[in-house]
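Residue numbers (the working numbering): 6 to 376. Glycine included, C-beta positions come from ideal geometry on N, C-alpha and C. Bear in mind that the values here come from a model prediction, so they are computed numbers and not experimental data. Here's the structure, in structure tokens; my notes come after.
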Amino acid sequence: MASYLLKRLFLIIPTMFGIMLISFAVIQFAPGGPVERVIAQISGSDVAATARIGGGQGDGLAGATNRQASQNLGESGSKYRGAQGLDPEFIKQLEKQFGFDKPAHERFFLMLKSYLLFDFGKSYFRDVSVLQLIKEKLPVSISLGLWMTLITYLISIPLGVRKAVHDGERFDTWTSGVLVIGYAIPGFLFAVLLLVVFAGGSFFQWFPSRGLTSDNWSQLSLIGKAADYAWHLTLPLIAMSLGAFTTMTFLTRNAFLDEIRKQYVLTAQAKGLGQRQVLYGHVFRNAMLLIIAGFPGAFIHAFFSGALLIETIFSLDGLGLLSFESVINRDYPVVFANIYIFALLGLAINLLSDFIYTLVDPRIDFETREV
């Protein structure tokens with residue numbers, strides 16, 4: 006197992022290099038860029054979707070260049086759309102500030118060198134370092150991902166076990182119908198429904214409609230803070246977990262059904278063991294192998310997927326919303342930092358899942374597998 010893990014660790018290096026290279030190449034061919042965005046702001050043609058970051062975030066680079074541009078108007082043309090009338094020297098200064106005065110390959114390797122030290126630089130349009138920006142948004146995404154995973158496991162595993170025990174009976178049939186309907190409903194649509202019904206939209210105002218905490222959170226007691234935190238998370242977690250319940254429940258049900266039909270279960274029953282003894286003394290460990298070992302992967306999936314629309318609907322300022330706004334605004338340091346961190350976490354979680362497999366069932370030997 007040690008040699009297998011070592012091989013996997015070494016494979017992370019070329020994998021990360023490939024991910025960053027492809028991402029960097031795609032960005033180079035994508036239309037627009039930070040220079041074009043600043044030019045659009047100067048000319049007054051910047052749209053509202055991209056203007057969200059420029060305003061209200063401190064005196065960043067965009068504000069400084071806007072002031073400088075007002076003094077650098079000229080009559081020369083430019084390769085940038087909308088730059089007609091701007092002094093070419095100003096455009097060159099702008100390219101230098103964003104790092105576009107260097108060739109693409111040089112910028113790529115300089116970026117890799119910095120990222121190896123977890124130095125992600127500063128945001129183009131926010132007067133703050135990228136790492137600090139991610140740290141500020143991380144608690145929201147971790148809260149959503151961690152609690153969604155825990156709630157999904159706590160509900161889906163007992164439900165899946167019971168469905169397996171009552172396979173084909175009325176309980177199994179109607180719960181399957183409810184789960185399939187829940188899976189078919191888009192999470193963002195259900196989130197809007199929850200807001201309208203339970204957050205003061207048209208009916209009840211039982212839950213807050215925005216944010217992770219109340220305005221007076223710092224003045225609350227420890228119990229009050231925990232209650233306020235749970236109160237704000239209730240609706241977003243329900244909206245995000247709707248489809249996850251179905252996947253995990255059916256996975257648990259099918260895993261238990263597969264084990265229940267094996268010969269060792271019949272042997273245990275023939276020896277006079279009761280249903281609970283057979284189920285939890287013999288079946289449980291084998292059936293839960295895939296589910297327990299997949300916990301890190303389930304968490305990382307909940308952490309990264311489906312959060313963007315939920316964060317937007319409930320005004321939760323997390324990594325999903327940050328990534329989307331960074332792409333829209335061509336804030337490349339934030340975009341590449343998110344790609345780098347997410348990819349590295351994903352590869353590490355996959356490695357951790359393999360390690361947990363061997364802890365849950367020592368019979369599994371990855372040494373015989375081809376990496």
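What is the C-beta distance between residue 327 and residue 127, in whole angstroms, given that I count them as a contact (C-beta under 8 Å)? Incorrect: roughly 15 Å between the Cβ atoms, too far for contact.
Output needed for residue 344: all residues of its chain with C-beta closer than 8 Å, excluding positions within five of it in sequence on either side, in chain order. 24, 25 and 28
With distances taken Cα to Cα, identify the nearest neighbour of residue 125 among 116, 131 and 271. 116
Kindly indicate which three-state DSSP category residue 168 falls into: helix, strand or coil? helix
Helix, strand or coil: how does DSSP classify residue 35 here? coil
From 163, 267 and 189, residue whose alpha carbon lies closest to that of residue 177: For residue 177, the nearest C-alpha among the options comes from 163.
Start and end residues, alpha helix (DSSP H) containing residue 118: 109-121
Measuring alpha carbon to alpha carbon, tell me which of 346, 359 and 356 ends up nearest residue 122. Among 346, 359 and 356, the Cα nearest to that of residue 122 belongs to 346.
Who pairs with residue 210 in a beta bridge, going by DSSP? 204
Assuming residue 257 and residue 161 form a contact by the criterion Cβ under 8 Å, report the distance between their Cβ atoms to the nearest whole angstrom. Residue 161 and residue 257 do touch by the CB rule: their CB atoms are close to 6 Å apart, below 8 Å.
Contact defined as beta carbons within less than 8 Å: I believe residue 238 pairs with residue 320. What is the distance between those atoms, to the nearest angstrom? About 13 Å separates the two Cβ atoms, so there is no contact after all.
Going straight from the alpha carbon of residue 159 to that of residue 268, what length do you get? Taking the straight line from one Cα to the other gives about 29 Å.
Looking only at its chain, what residues have a beta carbon closer than 7 Å to the beta carbon of residue 348, apart from the 5 residues adjacent to it on each side? Result list for residue 348: 21 and 24, in chain order.
Per DSSP, which one or two residues make a beta bridge with residue 134? The bridge partners DSSP lists for residue 134 are 127.
Cβ-Cβ distance between residue 244 and residue 196 below 8 Å: yes
Count the other CB atoms, across all protein chains shown, that sit within 10 Å of the CB of residue 80; report buried if there are 16 or more and exposed otherwise. Note on residue 80: pLDDT 41, under 50, position unreliable in the model; the coordinate value appears next. Under this definition residue 80 is an exposed residue.
Quick check on DSSP: helix, strand or coil for residue 220? The answer is coil: DSSP assigns residue 220 none of H, G, I, E or B.
When 106, 135, 203 and 131 are compared against residue 119, the one with the closest alpha-carbon: 135
Going straight from the alpha carbon of residue 208 to that of residue 202, what length do you get? 5 Å
State the start and end residues of the unbroken alpha helix (DSSP H) segment that holds residue 288. Where residue 288 is concerned, there is no enclosing alpha helix (DSSP H), given that its DSSP letter is neither H nor E.
Between the alpha carbons of residue 317 and residue 7, how many angstroms are there, rounded? So the alpha carbons of these two residues sit roughly 43 Å apart.
Residue 347 in three-state terms, based on DSSP: helix
I'd like the list of long-range same chain contacts for residue 153, defined as Cβ closer than 6 Å, with 5 residues on each side in sequence excluded. Excluding sequence neighbours, residue 153 sits near 242, 245, 246 and 307.
Whole angstroms are fine: how far does the CA of residue 144 sit from the CA of residue 363? Just so you know, the alpha carbons of residue 363 and residue 144 end up roughly 31 Å apart.
Helix, strand or coil: how does DSSP classify residue 335 here? Under the three-state reduction of DSSP output, residue 335 falls in the coil class, being neither helix nor strand.
Taking only the alpha-carbon atoms, compute the straight-line gap between residue 32 and residue 109 and give it to the nearest angstrom. Rounded to the nearest angstrom, the two C-alpha atoms are 11 Å apart.
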